[in-house]
Structures are given as C-alpha cells and as structure tokens.
Amino acid sequence: MKKHLKAAEILELIESADGTVSRFILQDEALITEMILALEKTESTPARWLLCTVLGDRHAKSAVPILIRHLADPNLTVRCYSAEALGKIGDPKAGPALLALFKKKQPLALRSTLAVVIGPIHYQPAVPRLLGALKDEDGGVRGCAAWSLGLLLAPESIPALQQALAVETQNWAKNHMRDTLDKIAQAQK
Numbered sequence: 460m461k462k463h464l465k466a467a468e469i470l471e472l473i474e475s476a477d478g479t480v481s482r483f484i485l486q487d488e489a490l491i492t493e494m495i496l497a498l499e500k501t502e503s504t505p506a507r508w509l510l511c512t513v514l515g516d517r518h519a520k521s522a523v524p525i526l527i528r529h530l531a532d533p534n535l536t537v538r539c540y541s542a543e544a545l546g547k548i549g550d551p552k553a554g555p556a557l558l559a560l561f562k563k564k565q566p567l568a569l570r571s572t573l574a575v576v577i578g579p580i581h582y583q584p585a586v587p588r589l590l591g592a593l594k595d596e597d598g599g600v601r602g603c604a605a606w607s608l609g610l611l612l613a614p615e616s617i618p619a620l621q622q623a624l625a626v627e628t629q630n631w632a633k634n635h636m637r638d639t640l641d642k643i644a645q646a647q648k
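For what it's worth, this note's numbering labels the leading residue of the sequence shown as 460, then goes sequentially.
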C-alpha cells in the first residue's frame, strides 16, 4: 500500500532529499491536494519550483489557480516552472494570465517559456502576441512562438510567418516556421 504524504511531509522531503529523488517520490506518493497545500505554505524557492514542476507533470487541473498565482512569484525560476506546468496541464483557463504576462517585458527565460506554453493550451487570443514574438531579438523565442502558432493553426499567421522565415538566421527557428506553415497549409486542405 502506498503512503500518501501530507503537505508537511512533502516539504520535509524536499528539504532533506535531492531534487531528483524528491521529484520521483512526489510523482508516486503525494496526493495533488497535499502538494497544492505544500505549495501554498512554503517560502522555499526550491520547493516552489519543484512542486510546480510535479503538478505540471501530473497534469493537475486542480492546481491551475495556484500555478496562475505563482506566475507572479518573486523568483524568475518559479515563474518559469509555473508557466511550464500550466502548459503541460493544457487548461485554457490559464490563457488570460499567461497572455497578460507575455505582453509585459520579461527576461529571456520567461519569454521563451511563455511563447512555448501558449500553444498547448490552445489559447487563440494569444495569436497576435505570438506574431509579435516572431520579431523577438532571440531566435529561441522566435522558434517557440512559431511552434505555438503551429499548434494553434491560425491561418492569419501565414503572412507574418512567411516574412519572419525570409529574414530568419537561426536554423532552429527556421525549421519551426517552415513546419508551422506546412501544418497550417495541411489543416486548410
């Protein structure tokens, strides 16, 4: 019989074990409700990012509200892991919060994370912001935005993708732009 860890035990485990061990134990032995409680209680940065990660890995829809709150966490890593978790969960309810954050000036790590998580939640109102991200100074952000546009299959993005592809210098971003144009063309058939 599996032991179900309580919130306090979860936090103790995170503080006493290395991150990989804690992650595997939480995947197997922690109830989502207890991880949410632990996330609400903890002030530990490593505990916050680890709990966000595991909640995302477990596709915990009930964690969406607390993960949205952690998009405003004072720690950049926690904000990134919270956004990533929301993308893994794929709940469109996270769309407005992710888009609001994406519209503000952000550090590179968060810009690329936001560009890549909007697609999996299928939040169509983000298409204009993703189109703007095709002009980001970073090729990784441009490629992530193109990838998300491929999941959203927005035909209105074709001209911007074609323009971005014509001037793109990074192969990774070019490949995502080409793939997205192909996906949209296939979807229109």
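No residue lacks a Cβ here, since even glycine has one placed at the ideal position from N, Cα and C.
Here Ala489 carries a strand assignment [DSSP, helix/strand/coil].
Distance from the CA of Leu593 to the CA of Leu567, rounded to the nearest whole angstrom, comes to 14 angstroms.
Boundaries for Ser616: no alpha helix (DSSP H) harbours it, and the DSSP string shows neither H nor E there. The three-state secondary structure of Leu464, taken from DSSP, is strand.
Exposure of Arg528 is indicated by the presence of fewer than 16 other C-beta atoms within 10 angstroms of its C-beta.
Taking 8 angstroms as the cut-off, the Cβ atoms of Ile580 and Gly546 count as close. The Cβ atoms of Glu493 and Ile525 do not sit closer than 8 angstroms to each other. Straight through space, the alpha carbons of Ser541 and Thr639 are spaced by roughly 26 angstroms.
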